[in-house]
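For reference, the structure discussed in these notes is given below.
Numbering (UniProt numbering), first residue to last: 1 to 402.
Here you go:
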C-alpha cells in the first residue's frame with residue numbers, strides 16, 4: 001500500500017498565519033479545528049490536565065484523536081484555576097478562531113462563552129457546536145451523534161420496515177458538523193477581511209442532521225406522505241439504490257430513468273421487459289418493485305460483483321460493488337485518490353489516516369503531524385506567548401499546566 005506524502009512539494013496552506021484555539025471534545029469540535037489545521041492554520045488544543053475525554057474511552061477514542069486532532073499542538077491547562085484561565089485568555093487574545101463543543105453551560109461556567117470572549121476580542125471568530133441548539137427547550141441537554149440521528153428523523157427512515165429503526169453505521173452527524181462548522185468559520189474569516197469584525201457561529205448536531213436530509217424533508221414539507229423505513233431502494237424511484245446479490249457479494253444499482261432502464265434491459269438481453277406493462281415506466285416499476293427485484297436477482301446473481309461493475313459501468317449505468325473496509329483498501333480508485341496518508345509523530349512513529357476529501361490546485365495532500373499527547377506542547381506554546389522558563393516551571397509546580 002502506498003500513501004500520499006508531502007516530501008516532494010509543499011501542501012496547500014491558505015490559512016497559514018491563522019491561529020485557532022480548539023476547546024473541543026470527541027469529534028465535532030476537534031474535527032472542525034482539524035480541517036483548519038489541514039488548511040494551514042496553527043491549531044492549539046486546550047485540554048484539561050487529564051486530556052480530551054476521547055482519551056479515556058478505549059481504542060475508538062484513541063482513533064478519534066488520531067483522526068481529528070492531527071496537526072495540532074496540545075497544551076494542558078486547569079481552567080478552574082485563575083492562573084489557568086489567565087493563560088487561556090492570553091492565548092485567545094493572540095488567536096483568530098475559537099472552536100468549542102463542550103457540554104451545555106460548561107464553557108460559560110469557565111468564563112469562555114461566546115459573549116464573554118467576543119466582548120473582549122470582537123475580531124475573533126467563535127464557533128460553538130451544541131447538541132440541540134441554544135434557543136429551544138433542549139438547549140441544556142447533552143447531545144451526541146446518536147441522539148441527533150434519532151431526533152432529526154434520520155433513524156425513522158433507516159432500516160427495514162419490519163425491524164427496529166437503525167442508526168447510520170458511523171457517527172455521520174458528528175463528522176458532518178465538523179466540516180460544516182469549518183465551512184462557516186472560513187466564511188466568517190472572509191467576512192472579517194471586509195468588515196474588520198469577527199462573528200459568533202452557532203450550529204448544532206440536530207440542525208446538521210436535519211440538513212443532511214434536505215431532499216427528503218423538502219419532499220415531505222411539500223405535501224409528500226411522511227417517509228418511513230423501506231430498507232434498500234428509494235420510495236419514489238425504481239430501480240434506485242437497489243442492493244442486488246451477486247455470485248460473490250452484492251452490488252447497488254440505479255437505473256430508474258426510462259432510458260437507463262431500457263439500456264439496462266438491452267445490456268442484459270431482456271429487451272422484452274422494456275415495454276412490459278409492469279416495468280414500462282418508473283411509476284409502474286415502483287408499483288411492481290417486488291417483481292422488479294426478482295428480475296434483478298435472476299439476471300445478475302450469476303455474475304461476480306466486479307463483473308457487474310465492469311459490464312454496467314461500460315454501458316453508463318450507475319452501479320457500485322458493496323465493499324468491506326479491507327476490500328476498499330484494495331480499490332484502485334481509492335489508491336489513486338491519495339486519501340490515505342501517514343501522520344508522522346515527533347519520534348518518527350506513523351499511523352495511517354484519511355486526508356481531507358478535496359485538493360487545492362496541484363498541491364499534494366499533506367502528510368500531517370500526528371495527534372499530540374496531552375500537554376505535549378505546553379512548554380513550547382507558553383514560551384511562544386512570552387512565558388519564561390521560570391514562570392513555566394512555577395505553573396507546572398502549581399498544577400496549572402500539565
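We put the CB at the ideal spot given by N, CA and C, even for glycine.
Note that the structure is a prediction, hence the values are computed from the model and not measured.
For residue 129, the enclosing beta strand (DSSP E) has its first and last residue at 125-130.
The C-alpha of residue 321 is placed about 27 Å away from the C-alpha of residue 272. Minimum Cα-Cα distance from residue 345 among the listed residues 231, 383, 27, 69 corresponds to 69. Put simply, the backbone Cα of residue 173 is about 16 Å away from that of residue 24. Only residues of its own chain outside the window of five on either side were considered, and among them 365 have a CB closer than 7 Å to the CB of residue 359, listed in chain order. Taking C-beta atoms as the reference points, residue 144 and residue 98 fail to come closer than 7 Å. Taking a cut-off of 8 Å on C-beta distances, the stretch 33-53 touches the stretch 68-83, as three or more cross pairs fall below it. For residue 45, the enclosing beta strand (DSSP E) starts and ends at 42-47.
Taking 8 Å as the upper bound for CB-CB distance, residue 181 and residue 203 are in contact here, some 6 Å apart.
Within the same chain, and ignoring the five residues on either side of residue 399 in sequence, the residues whose Cβ sits closer than 7 Å to its Cβ are 78. Looking at the backbone, the Cα of residue 86 and that of residue 186 are separated by about 28 Å.
Per DSSP, the unbroken beta strand (DSSP E) holding residue 22 starts and ends at 19-22. Residue 330 carries a coil assignment under DSSP once its states are collapsed to helix, strand and coil. Beta-bridge partners of residue 203 (DSSP): 129. Residue state for residue 88 is assigned as helix, using DSSP reduced to three classes. In this structure, the CA atom of residue 208 is about 6 Å from the CA atom of residue 177. Excluding its 5 nearest sequence neighbours in each direction, residue 14 has C-beta neighbours in its own chain below 8 Å: 39, 40, 360, listed in chain order. Under the rule that a run must span 4 or more residues, the alpha helix (DSSP H) segments found entirely inside the stretch 278-325 read 282-287, 289-300, 305-314. Residue nearest to residue 245 within the set 298, 190, 228 is 298 (criterion: CA-CA distance).
Inclusion of residue 287 and residue 279 in the CB contact set at 7 Å is not warranted, their separation being larger than that value. Rounded to the nearest angstrom, the Cβ distance from residue 309 to residue 251 is 7 Å, consistent with a contact under 8 Å. With contact defined as three or more Cβ pairs closer than 8 Å, the stretch 133-142 and the stretch 101-118 are in contact.
Beta-bridge annotation (DSSP): residue 218 is not paired with any residue. Judged by their CB atoms, residue 353 and residue 67 are nearer to each other than the 7 Å cut-off. In the three-state reduction of the DSSP assignment, residue 337 falls in the helix class, which pools H, G and I. Burial of residue 31 is indicated by the presence of at least 16 other C-beta atoms within 10 angstroms of its C-beta. Shown here, residue 236 sits in coil according to DSSP, grouped into three states, outside any helix or strand. The stretch 38-57 makes contact with the stretch 365-380; the number of CB pairs closer than 8 Å reaches 3 or more. Rounded to whole angstroms, residue 20 and residue 249 show a C-alpha spacing of 46 Å.
In the DSSP assignment, residue 144 falls outside any beta strand (DSSP E), carrying neither H nor E.
The alpha-carbon separation between residue 289 and residue 239 amounts to approximately 8 Å. The beta carbon of residue 91 is closer than 8 Å to those of 21, 44, 46, 75, 381, 385 in its chain, skipping five residues each way along the sequence.
Restricting attention to 387, 270, 52, 18, the CA atom closest to the CA of residue 371 is found in 52. If you look at residue 274, you'll find it isn't in any alpha helix (DSSP H); DSSP assigns it neither H nor E.
Burial check for residue 226: the Cβ neighbour count within 10 Å stays below 16, so the residue is exposed.
Taking C-beta separations shorter than 8 Å and ignoring five residues to either side along the sequence, the partners of residue 48 in its chain run 76, 77, 78, 79, following chain order.
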